[in-house]
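And the structure:
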């Protein structure tokens, strides 16, 4: 990634892209499905961030695939909904959507079939609580106070913190409480290159400090156990509903990593000509790249380096056609594809 920065910076009069600002429309809604692939994050330099960045993670290797689907609150088990579908009595907990959550527990506590409930509006995106089978009993659990995942509008250099807590009561045995302090920093913005996509993103670093407590009423005694500190590194793009890249660490060690990857969306035939926008794929590439022009866009196609010099012969392209460019002879770096004419268009191309 450092070599890419060196290549581009000397020729840049100003940033190629402005930083984005995120709001509630960029968070999930019922019916949204967020596809991802797990990956080995050992090559991701988590400390590299800042303003106007180019994060080149185009060589990440897709591993196991998965998907998260947001559902309407009313589609979750009825007994889970008590706090989260009751706007008159619990307006602060009236959730907009639910997502599957992880099961957890220990020897005397089993929490399974979890749904986390979320509320979003112009002020932020919040986890208001969850529903689960607690030792086999359907239970609705509020977070008091609420966990503020993001505050809107979300933009570079924002920083905030949020304390939240929940308690589970196991009758005649004990109560279990988890306290959490979330510390958020928007510590970067720029362009993120993934194996099949390119996004303009904000990078959000969330530090999670949790303490678990057990109180045994019979003995009037309690114990507290601080968990190892967790950190979430999230690259968030507009309109994508979930981070397009996320790496989680616990105690300084990477535990999970996933990124948006839907190879089936990559066009492979002339059906993409029906798309009203020009298409350039695959990007990044090290061999062939296809350019597809929609109706109404034509002109001379040029491939230029960072200094604006032509690096391949120019060619004319007609509206509603596609063409293939061989870039295998080009040095690795960032180039620009230009199509001149009455409706000029340009797109960055990464050659690796």
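In the numbering used here, the protein residues as written are 1 to 352.
Every residue gets a Cβ at the ideal spot worked out from N, C-alpha and C, and that includes glycine.
Three-state secondary structure (DSSP) at residue i?
{"i": "residue 291", "result": "strand"}
{"i": "residue 244", "result": "coil"}
{"i": "residue 138", "result": "strand"}
{"i": "residue 92", "result": "helix"}
{"i": "residue 272", "result": "A caution first: residue 272 carries a pLDDT of 38, below 50, which makes its placement in the model unreliable, though a value can still be read off. Residue state, collapsed to three classes: helix."}
{"i": "residue 352", "result": "coil"}
{"i": "residue 145", "result": "strand"}
{"i": "residue 261", "result": "coil"}
{"i": "residue 156", "result": "coil"}
{"i": "residue 252", "result": "coil"}
{"i": "residue 101", "result": "coil"}
{"i": "residue 108", "result": "coil"}
{"i": "residue 123", "result": "coil"}
{"i": "residue 172", "result": "coil"}
Count the other CB atoms within 10 Å of the CB of residue i; is the residue buried (16 or more) or exposed (fewer)?
{"i": "residue 274", "result": "For residue 274, the predicted model reports a pLDDT of 46, less than 50, meaning its position is unreliable; a value from the coordinates is still stated below. With fewer than 16 Cβ atoms within 10 Å of its Cβ, residue 274 is classed as exposed."}
{"i": "residue 334", "result": "buried"}
{"i": "residue 270", "result": "The pLDDT assigned to residue 270 is 38, lower than 50, so where the model puts this residue is not dependable; a value taken from the coordinates is nonetheless given after this. When all chains shown are included, residue 270 counts as exposed."}
{"i": "residue 326", "result": "exposed"}
{"i": "residue 240", "result": "buried"}
{"i": "residue 337", "result": "buried"}
{"i": "residue 196", "result": "buried"}
{"i": "residue 64", "result": "exposed"}
{"i": "residue 253", "result": "exposed"}
{"i": "residue 115", "result": "buried"}
{"i": "residue 48", "result": "exposed"}
{"i": "residue 106", "result": "exposed"}
{"i": "residue 126", "result": "buried"}
{"i": "residue 251", "result": "exposed"}
{"i": "residue 282", "result": "buried"}
{"i": "residue 121", "result": "exposed"}
{"i": "residue 353", "result": "Look at the range of the chain in this structure, 1 to 352, and you will see that residue 353 is not part of it."}
{"i": "residue 188", "result": "buried"}
{"i": "residue 95", "result": "buried"}
{"i": "residue 294", "result": "buried"}
{"i": "residue 102", "result": "exposed"}
{"i": "residue 89", "result": "exposed"}
{"i": "residue 249", "result": "buried"}
Would you say residue i and residue j are within 8 Å of each other, going by their C-beta atoms?
{"i": "residue 330", "j": "residue 350", "result": "no"}
{"i": "residue 22", "j": "residue 183", "result": "no"}
{"i": "residue 124", "j": "residue 152", "result": "yes"}
{"i": "residue 339", "j": "residue 296", "result": "no"}
{"i": "residue 28", "j": "residue 261", "result": "no"}
{"i": "residue 321", "j": "residue 288", "result": "no"}
{"i": "residue 142", "j": "residue 174", "result": "no"}
{"i": "residue 190", "j": "residue 55", "result": "yes"}
{"i": "residue 193", "j": "residue 57", "result": "yes"}
{"i": "residue 207", "j": "residue 170", "result": "no"}
{"i": "residue 159", "j": "residue 26", "result": "no"}
{"i": "residue 31", "j": "residue 81", "result": "no"}
{"i": "residue 145", "j": "residue 156", "result": "no"}
{"i": "residue 93", "j": "residue 84", "result": "yes"}
{"i": "residue 68", "j": "residue 242", "result": "yes"}
{"i": "residue 71", "j": "residue 98", "result": "yes"}
{"i": "residue 292", "j": "residue 309", "result": "no"}
{"i": "residue 332", "j": "residue 352", "result": "yes"}
{"i": "residue 247", "j": "residue 46", "result": "yes"}
{"i": "residue 301", "j": "residue 319", "result": "no"}
{"i": "residue 186", "j": "residue 117", "result": "no"}
Please confirm whether any heavy atom of the ligand SAH lies closer than 7 Å to the CB of residue i.
{"i": "residue 172", "result": "With respect to the ligand SAH, the structure shown offers nothing to examine, as it has no ligands at all."}
The stretch 184 to 204 / the stretch 217 to 230 touching (three or more Cβ pairs under 8 Å): Touching, no, given that fewer than three Cβ pairs across the two stretches are closer than 8 Å.
Which whole runs of the alpha helix (DSSP H) in the stretch 2 to 85 are 4 residues long or more, in chain order? DSSP assignment within the stretch 2 to 85 yields the following whole alpha helix (DSSP H) runs of 4 residues or more, N-terminal first: 2 to 8.
Inspect the CB distances between the stretch 170 to 178 and the stretch 208 to 222 and report whether three or more fall short of 8 Å. Yes: at least three Cβ pairs fall under 8 Å.
Does the stretch 66 to 81 come close enough to the stretch 135 to 143 to have 3 or more Cβ pairs within less than 8 Å? Short answer: they touch.
Check whether the stretch 33 to 49 touches the stretch 242 to 257, counting contact only when three or more Cβ pairs, one atom from each stretch, lie closer than 8 Å. Put simply, the stretch 33 to 49 touches the stretch 242 to 257. At least three CB pairs are less than 8 Å apart.
Mind listing, in chain order, the continuous beta strand (DSSP E) runs of no fewer than 3 residues lying wholly within the stretch 277 to 347? Inside the stretch 277 to 347, DSSP marks whole beta strand (DSSP E) runs of 3 or more residues at positions 279 to 281, 288 to 292, 299 to 304, 315 to 317, 322 to 326, 333 to 339, from first to last along the chain.
Could you pull out every unbroken beta strand (DSSP E) segment of at least 3 residues lying fully inside the stretch 177 to 241, listed in chain order? Taken in chain order, the unbroken stretches of beta strand (DSSP E) that lie wholly in the stretch 177 to 241 and span 3 residues or more are 198 to 216, 221 to 226, 230 to 237.
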